[in-house]
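So in the working numbering the end of the first sequence lands on 1827, straight run, no missing numbers. Worksheet for the structure shown next.
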Amino acid sequence: MIEKTTRECCVEAVRVLYGQEISVETIGFEKTKREIEGDFSVVVFPLAQYARKSPEAIAMELGGYLADKLPVIREFHVIKGFLNLVMTEKFWLDFLEKEASSEDFGRSPRRDASPVVLEYSSPNTNKPLHLGHIRNNLLGHSLSLILEANGYDVRKVNLVNDRGIHICKSLFAYMKWGQGETPKTSGIKGDHLVGKYYVLFEKHYKEEIRELMASGMTEEEAAQGADLIREAQEILRQWETSDPDIIRLWRTMNSWTYEGFTRSYERLGVEFDRIYYESDTYLQGKELVYEGLERGVLKKKADGSIWVDLQDEGLDEKLLLRADGTSVYITQDLGTAEQRYEEYHPSKMIYVVGNEQIYHFDVLKKVMKKLGKPAADTIYHLSYGMVELPEGRMKSREGTVVDADDMMDEMYRTAEETTRELGKVDDFPEEEAGILFHTIGMGALKYFILKVDPKKNMLFDPKESIDFNGNTGPFIQYTHARIKSLLRKAADAGYVMRDTGSTIRDSSSLLPRPSSLVPHNSFLLPPEREILKLLYQYPSVVSQAGAELSPALIANYIYDLAREYNQFYQEIPVLREERKELIGLRLMLSAITGKVIRKGMELLGISVPDRM
RNA sequence: GGUCCAGUAGCUCAGGGGAUAGAGCAACAGCCUUCUAAGCUGUCGGUCGAAGGUUCGAAUCCUUCCUGGAUCACCA
């Protein structure tokens, strides 16, 4: 790699020229900015202290040394403390033909290491998915692909939250007001039907609290004393003692939800290797708690509840098991972590969970540690920011959530409307058009969400909706379709491509002959060089995205590449070029740009159409 | 109150020690007899929350403060 070579050569130069030993980290190496002439830049400011000369003088001497030793450098320019290197055309042609055209460009070889377990989605079964869940699912799915591209053996797991008081609320509401309604009889998608009863419960519960407060109770007393919540708690107890009627209804309602989730997952294009259910793991969690109690690392209070004391860790005391023996959220997470660790012996267990649960995972990790479980060290909480609406956070209780299914419907409709208006599908068969609307709609939604740094909160304004112009999924998809169209025309004109259309098979028939390049050492135009520089960065962007667990890095990179390509496309003729010897290179540049766009978008879980 | 995260153009977001701080949207002005105009070009728009500090160099690192958010549940 040129970066490594250059850095090492700089170290050598400093030794030879100034008799000083420096480490490779001392040298700054970066892609030269767009508006400055050059391909790569060496930052020489830090060298001033070793050479006792002005940065400019050092840059000149260093440039001379590098140009002398590295034949891939054609020339160099010095601006202030920057040494800007211009690579030879041969360097770039070699890069295109050898590295960039490989199918593995941007993928690391498989690491010989234990797997990474990646948990995402993790829905509750009492209500349908909303926009926040969409962010979670898209992030998780994209991360799995990015980690795989970085050579990791990834296991995608989903932990379904199918037990707990919230589920019992839906159950109870259904028992009370359901009248035997089913998804079939009502025509309502299963998860939405269950959600309807959850909302119904909350509504009546709220009313009851209000009434109790009117009769003199404090809010807290009312919230705990209301008949509805007591009934729900009673159902939770019956559930934990396996009351057959409760279990039967619970199974039925959950199956409705799963049926609904499966449809939403399919539309989103996410999948899992393994699905865990809390109803299966919470018992193991309880066991861990009892085990910890025996070993004396946990303690029992007078009422029989079991607690962990984390005050010496800077946290507080935390309840792990209620006095009545029922488990809380963290109880099952202890069991899940242990079970998962036993099953995979992973090097890392990544949990894609919102930043509202930072404290929870801090506690989880520390409790596992206290229990002496090695799983503790593998737990990593990838906390992502909330999706906010203009009026603030989404709140299920206040009905301000943006429903996932509605959102996807809306994106499809907008895609269809826009595409038809532009007359893009006039010659498409109806079925193919439908696929395209889905591709574009989901592309817009996914890109919109993934382009922002996962750890930051993001704003979604339903009124302004999601754009299809500018820094958007459809813009990138469009650029890809444009490239494919160009390549189809090239094929018609007799230029030979590989089956994938991504690279050129017989490069000698397409590329300018090396001998013809030597005298024309500047035939690469600025936009072409810029694209080459960007393409060159792709592998490091993928590895950085893997290291930082950030799909946003890839999204923003692809946008830059697509934008740059559009400029090239608009300004520079390809098939219309009169100097035939240049056509091959431009086609190759286009083909590889198209491939990198496609591969990069794949890492985001977004597909790109060949025509749109 | 403790802890954590964020504050960059009117709005949504990049940039996380290096060159004159970038995109998109919005607004305005251009570009389709020519490879897809979901595109391209240009104009307008900034005390990078504030003040100190470290450094040859700070939007970026450190300290303090201000503002917003999350969390500190026998909810999940």
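Even for Gly, the Cβ is constructed at its ideal location relative to N, Cα and C. Here the structure is a predicted model, which means the values were calculated and not measured.
Less than 8 Å between the C-beta atoms of residue 1521 and residue 1536, yes or no? yes
Candidates 1474, 1808, 1761: which alpha carbon is nearest residue 1399's? 1474
Residue span of the alpha helix (DSSP H) that contains residue 1348, given as start and end: 1346-1364
Given a threshold of 16 other Cβ atoms within 10 Å of its Cβ, counted over all protein chains shown, does residue 1827 qualify as buried or as exposed? buried
Where residue 1715 sits in the DSSP three-state scheme: Below a pLDDT of 50, predicted positions are generally treated as unreliable, and residue 1715, at 40, falls in that range; the measurement from the model is reported next regardless. Coil.
Excluding sequence positions up to five away, which residues of its chain have a Cβ less than 7 Å from the Cβ of residue 1352? Around residue 1352: 1335, 1336, 1483, 1485.
For residue 1291, which beta-bridge partners are listed by DSSP? 1300
Please work out which residues of its chain come closer than 6 Å, Cβ to Cβ, to residue 1361, disregarding the five sequence neighbours upstream and downstream, and give them in chain order. The answer, listed in chain order, is 1760, 1761, 1818.
Distance, residue 1505 Cα to residue 1550 Cα: 12 Å
Could you name the residues that DSSP lists as bridge partners for residue 1243? 1258
Taking the Cβ atom as the reference point for each residue, do residue 1496 and residue 1547 lie within a distance shorter than 8 Å? Closer than 8 Å, so yes.
Could you name the residues of the same chain whose beta carbon sits closer than 7 Å to that of residue 1689, not counting the 5 residues immediately before and after it, in chain order? Cβ neighbours of residue 1689 beyond the five flanking positions: 1655, 1658, 1659, 1683.
In the DSSP assignment, the alpha helix (DSSP H) including residue 1509 goes from what residue to what residue? 1493-1509
State the beta-bridge partners of residue 1819 as determined by DSSP. In DSSP, residue 1819 forms no bridge with anything.
Need the endpoints of the alpha helix (DSSP H) that residue 1426 sits in, please. 1405-1429 is the extent of the alpha helix (DSSP H) around residue 1426.
Suppose you measure from the CA of residue 1403 to the CA of residue 1346; what does that come to, to the nearest Å? 20 Å
Leaving out five residues before and five after residue 1222 in sequence, what residues of the same chain have Cβ atoms less than 8 Å from its Cβ? Excluding sequence neighbours, residue 1222 sits near 1239, 1242, 1244.
Who are the Cβ neighbours of residue 1731 in its own chain at under 8 Å, not counting the five residues just before and after it? Its pLDDT being 41, under 50, residue 1731 is placed unreliably by the model, and nothing is read from it.
Please determine if the stretch 1248-1261 and the stretch 1297-1305 are in contact, where contact requires at least 3 C-beta pairs separated by less than 8 Å. The stretch 1248-1261 makes contact with the stretch 1297-1305: 3 or more CB pairs, one atom from each, lie closer than 8 Å.
Return the Cβ separation of residue 1776 and residue 1749 in integer angstroms, given the expectation that the two are a contact with Cβ distance under 8 Å. 5 Å
Element boundaries [beta strand (DSSP E), containing residue 1596]: Looking at the DSSP string, the run of the beta strand (DSSP E) that includes residue 1596 is 1594-1599.
Under DSSP, the alpha helix (DSSP H) around residue 1371 begins and ends at which residues? It is not in any alpha helix (DSSP H) - residue 1371 instead sits in the beta strand (DSSP E) that spans 1369-1375.
Selected residue, minimal CA-CA separation from residue 1599, among 1825, 1268, 1437, 1767: Per the C-alpha coordinates, the member of 1825, 1268, 1437, 1767 positioned closest to residue 1599 is 1767.
Name the residue from 1260, 1248, 1283 whose alpha carbon lies nearest to the alpha carbon of residue 1228. 1283
Residues bridged to residue 1542 (per DSSP): 1536
Inspect the beta-carbon positions of residue 1371 and residue 1487 and report whether they are closer than 8 Å. yes
Strictly by DSSP, which residues pair up with residue 1617? The partner list for residue 1617 (beta bridge, DSSP) is empty, contrary to what the question assumes.
Using DSSP's beta-bridge definition, name the partner residues of residue 1565. 1333, 1595
Could you check whether residue 1468 and residue 1367 sit closer than 8 Å to each other, using their CB atoms as the reference points? no
My assumption, with CB atoms under 8 Å, is that residue 1465 sits in contact with residue 1454. Please give the rounded CB distance. 6 Å
Would you mind sorting residue 1751 into buried or exposed? The rule is 16 or more other CB atoms within 10 Å of its CB. buried
Could you tell me which whole alpha helix (DSSP H) segments of length 4 or greater appear in the stretch 1630-1669? 1645-1665
Is it right to say residue 1379 is buried, meaning 16 or more other beta carbons lie within 10 angstroms of its own, or is it exposed? buried
Would you call residue 1406 buried or exposed, if buried means 16 or more other Cβ atoms sit within 10 Å of its Cβ? buried
By the DSSP assignment, the beta strand (DSSP E) with residue 1571 in it spans what residues? Segment: none, residue 1571 is in no beta strand (DSSP E) and carries neither H nor E.
For the alpha helix (DSSP H) containing residue 1524, list its first residue and its last residue. Element bounds for residue 1524: not the alpha helix (DSSP H) but the beta strand (DSSP E), 1521-1524.
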